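**Q** Residue numbers (this note's numbering): 1 to 488.
Given below as structure tokens:
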């Protein structure tokens, strides 16, 4: 651990070998009310800061300190959110306003499992860098550090997150009676979030949960972020997250699409080449579109069985991406682990699909006479809780089901069998069968009809045999009487 004392530093614009006007750190200010900790502010690892980037904190509010919780308690909501920016060449290139907290389980001195809920301090400083295709913001504090990397693929007109790096200390102020005080925990997650068109910001007031690892979950609310093309130090037109939009009745898709395609079998392997995610399913994407004569139709895209499968396997989060039709289409499933009862650390662990993203082109084959031909469509729906089963099991649903991504786009599944965690070899674990599938009858019920038919046939044979024997005996007696009379 690295400690700093009596620090004064100036990396830019030094005049006559003397320091400029000092910016005094908060801990040197006599009016600061926030309690001090033994851990100094350090930078999160694996980040790059451009030379032209300057610190740009925009709030001075103090953190909510009394937020440590134990199972069965509820943390108070934040009273404000932090506002940060990254500047490059004297202009703002990244804006991020949000309220953040993280929940982490830890071991107490008594050997029990506790749960701490800690708000990210709004006085955290922001550093980062911006370029045409990559932007990064790093928020540093004496409580925790957060680094978010953003990307904009070449030739595309949208951006999203590419990875999150998070670290925190087990401070006794938050981790009551911890057995490992001041232990530093660092974790990284590769994930695509907040997909938004260039020039726009992403806004979501609803809380978004991002499971990391080691039973740590990052929760973000009151969010507005823009990582590229910031104009005039202000956010662009906001794209609202689906959870913020009012519920809209989704009409049934007109069944003009062809039959579901045959099911494919896909496997994601870990760094050692071992299977870590198994997926068997039949997939069909249906999307409403407007034709050149302003009528509404439904376009259909079948996912072929030879679609390329890529992904990642994490401790609490895994992803499967299916790419097909020369990578013009991509479907990504994000799987997350959680407790059935988040306030009870001993409750059963479950997994499920937490996010689905689709990306496709509007072409003449799938969308005949479309008004917006060659237009690229991207839809992401987060905060899902579907296809759930206990960790160690697989999820199976043979009936046709659907995932409504928005009012126009629906993903249909059939012959579904998934296992994103605890995979051993190429075989699925015991299946959790969905409610839509009929419950198989016990084997003895399945044998009732054959047994009844067999018994009836057996009884019929016995009756016929006895009847034939009786008739035969009677005829023998009559024949014997005729023979006796003739000899007399």
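Don't be surprised by glycine CBs; every beta carbon is placed ideally from N, CA and C. Treat the numbers as computed from the prediction; the structure is a model and nothing was measured.
Please classify residue 331 as buried or exposed, where buried requires at least 16 neighbouring CB atoms within 10 angstroms.
**A** Taking the first residue of the chain shown as position 1, residue 331 is located at position 331. Residue 331 comes out buried.
**Q** Residue 416 bridges to which residues according to DSSP?
**A** For the purposes of this step, residue 416 is identified with residue 416 of the chain shown, where counting begins at 1. BP columns for residue 416 point to 397.
**Q** Note down the Cα distance separating residue 7 from residue 177, rounded to an integer number of angstroms.
**A** As a working mapping, residue 7 is identified with position 7 in the chain shown. As a working mapping, residue 177 is identified with position 177 in the chain shown. Going from the Cα of residue 7 to the Cα of residue 177 covers about 32 Å.
**Q** Taking residue 338 as the reference, which of 131, 174, 350 and 392 has the closest Cα?
**A** For this step, residue 338 is matched to residue 338 along the chain shown. Ranking 131, 174, 350 and 392 by Cα distance to residue 338 puts 350 first.
**Q** Check whether the region 291 to 300 touches the region 417 to 429, taking contact to mean three or more Cβ pairs, one atom from each stretch, closer than 8 Å.
**A** no
**Q** Expressed to the nearest angstrom, what Euclidean distance is found between the alpha-carbon atoms of residue 336 and residue 297?
**A** Numbered from its first residue, the chain shown carries residue 336 at position 336. Numbered from its first residue, the chain shown carries residue 297 at position 297. Those two C-alpha atoms are separated by around 35 Å.
**Q** Taking C-alpha atoms, which residue in 84, 157, 400 and 184 lies nearest to residue 233?
**A** Along the chain shown, read from residue 1 onward, the residue named residue 233 stands at position 233. Looking at the Cα atoms, 84 is the closest of the given residues.
**Q** Would you report the Cα separation of residue 43 and residue 129, rounded to the nearest angstrom?
**A** In the chain shown, the residue the question calls residue 43 occupies position 43. In the chain shown, the residue the question calls residue 129 occupies position 129. Since pLDDT at residue 43 reaches only 40, below the 50 mark, its modelled position is unreliable, and no value is offered.
**Q** Kindly give me the distance between the Cβ atoms of residue 222 and residue 99, rounded to whole angstroms, as I take these residues to be in contact under 8 Å.
**A** For this step, residue 222 is matched to residue 222 along the chain shown. For this step, residue 99 is matched to residue 99 along the chain shown. Sure, about 5 Å apart at Cβ, within 8 Å.
**Q** Quick check on the burial criterion: 16 or more other C-beta atoms within 10 angstroms. Buried or exposed for residue 552?
**A** This structure does not reach residue 552, given that the chain is present from 1 up to 488, and the question cannot be answered.
**Q** Comparing C-alpha positions only, which one of 333, 329, 171 and 352 sits nearest to residue 340?
**A** Walking along the chain shown from the start, residue 340 turns up at place 340. For residue 340, the nearest C-alpha among the options comes from 352.
**Q** Suppose only complete runs of 3+ residues qualify. What are the beta strand (DSSP E) ranges in the region 148 to 223, listed by chain order?
**A** 158 to 169, 184 to 190, 201 to 204 and 208 to 211
**Q** State the Cα-Cα distance for the pair residue 202 and residue 239, rounded to the nearest angstrom.
**A** In the chain shown, residue 202 corresponds to position 202, counting from 1. In the chain shown, residue 239 corresponds to position 239, counting from 1. Distance between the alpha carbons of residue 202 and residue 239: 5 Å.
**Q** Between residue 348 and residue 392, what straight-line distance do the alpha-carbon atoms span, to the nearest angstrom?
**A** The residue given as residue 348 occupies position 348 in the chain shown. The residue given as residue 392 occupies position 392 in the chain shown. Each residue's alpha carbon lies about 11 Å from the other.
**Q** Just the C-alpha distance for residue 34 and residue 144, rounded to the nearest angstrom, thanks.
**A** Here residue 34 refers to the residue found at position 34 when the chain shown is read from its first residue. Here residue 144 refers to the residue found at position 144 when the chain shown is read from its first residue. Note on residue 34: pLDDT 38, under 50, position unreliable in the model; the coordinate value appears next. Going by the C-alpha atoms only, they are around 15 Å apart.
**Q** Enumerated in chain order, which unbroken segments of the beta strand (DSSP E) with a length of 3 residues or greater are wholly contained in the region 338 to 410?
**A** 349 to 361, 376 to 381, 386 to 390, 394 to 397 and 401 to 404
**Q** What number of angstroms, rounded off, separates the C-alpha of residue 204 from the C-alpha of residue 108?
**A** Translated into positions along the chain shown, residue 204 becomes position 204. Translated into positions along the chain shown, residue 108 becomes position 108. Cα to Cα, the separation comes out at about 35 Å.
**Q** Based on Cα-Cα distance, which residue from 373, 435 and 358 lies nearest to residue 410?
**A** As a first step, residue 410 must be located in the chain shown, where it is residue number 410. Among 373, 435 and 358, the Cα nearest to that of residue 410 is on 358.
**Q** Taking the beta strand (DSSP E) that residue 94 belongs to, which residues open and close that run?
**A** Taking the first residue of the chain shown as 1, we reach residue 94 at position 94. Per DSSP, residue 94 belongs to the beta strand (DSSP E) from 91 to 107.
**Q** If I follow the unbroken beta strand (DSSP E) through residue 138, where does it start and stop?
**A** In the chain shown, counting from the first residue as 1, residue 138 sits at position 138. From DSSP, the beta strand (DSSP E) with residue 138 extends over 134 to 140.
**Q** Distance, Cα to Cα, residue 166 vs residue 212?
**A** Here residue 166 refers to the residue found at position 166 of the chain shown. Here residue 212 refers to the residue found at position 212 of the chain shown. Answer to the nearest angstrom: the Cα atoms are 9 Å apart.
**Q** According to DSSP, residue 130 sits in a beta bridge with which residue or residues?
**A** As a position in the chain shown, residue 130 is number 130, starting the count at 1. Residue 130 pairs with 135.
**Q** With H, G and I counted as helix, E and B as strand and the rest as coil, what does DSSP make of residue 309?
**A** In the chain shown, the residue the question calls residue 309 occupies position 309. In this structure, residue 309 counts as strand in the three-state DSSP scheme.
**Q** Which residues does DSSP pair with residue 272 in a beta bridge?
**A** By 1-based counting over the chain shown, the position of residue 272 is 272. Residue 272 is not bridged to any residue.
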